[in-house]
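Engineer: UniProt numbering applies: residue 1 is where the sequence shown begins, and numbers increase by one. Backbone N, C-alpha and C fix where the C-beta goes; we use that ideal spot for every residue, glycine too.
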Amino acid sequence: MFALAFLALAADPLPLSLDTISVERARTLNGKPVIVTMFVAKPIDQLRGRTIVGAVDLPDGIERGAHLNGHCYNLEGTRITVTGTLWVIDHRAAFVDGVLVPAWTEIRVEEN
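(1) Helix, strand or coil: how does DSSP classify A26 here?
(2) Three Cβ pairs or more, each shorter than 8 Å: is that satisfied between the region 89–105 and the region 37–56?
(3) Please list the terminal residues of the continuous beta strand (DSSP E) segment that includes E106.
(4) Could you give the C-beta distance for V34 and I80, rounded to a whole number, given that I count them as a contact under 8 Å?
(5) Return the chain-ordered list of same chain residues with a C-beta closer than 8 Å to the C-beta of P103, the five sequence neighbours on each side being excluded.
(6) Name the DSSP bridge partner or partners of T81?
(7) Please state if the CB of E110 and the CB of E63 are separated by a distance shorter than 9 Å.
(8) Check H67 in the structure and name its three-state DSSP category.
(9) Based on DSSP bridge pairs, tell me the residues matched to A94.
The following block contains the structure:
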């Protein structure tokens with residue numbers, strides 16, 4: 001009985017820190033359901049009925065953030081927990097308004 005209880009507890013996913021997850025670790029979770037925590041360190045944005053929040057920038061240059069359902073306000077400067085699907089997106093370089101934006105990698109959690 002103790003072994004079954006231990007296995008049930010071990011199966012519960014602990015929240016991952018989106019603030020510090022490496023791109024290598026994130027790639028192993030690409031497309032999978034996750035629970036993450038993150039500190040909302042950037043101004044929030046609204047797009048297509050979703051709230052977009054970003055974590056603090058790290059020296060590795062990887063963007064980390066989450067797309068939340070609905071319009072959420074007053075999140076900047078708070079720690080949040082998000083349940084959703086993790087995606088690693090390798091954006092290609094592109095010209096935006098005549099300015100070249102270099103290729104970049106994003107780790108995103110889309111709230112379910």
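Structural biologist: Considering the structure as presented:
(1) helix
(2) no
(3) 104–111
(4) Rounded, the Cβ-Cβ distance is 14 Å, inconsistent with contact.
(5) Per the sequence shown, the amino acid found at residue 103 is Ala instead of Pro. Only D90, H91, R92, A93 meet the Cβ criterion.
(6) T37
(7) no
(8) strand
(9) V101
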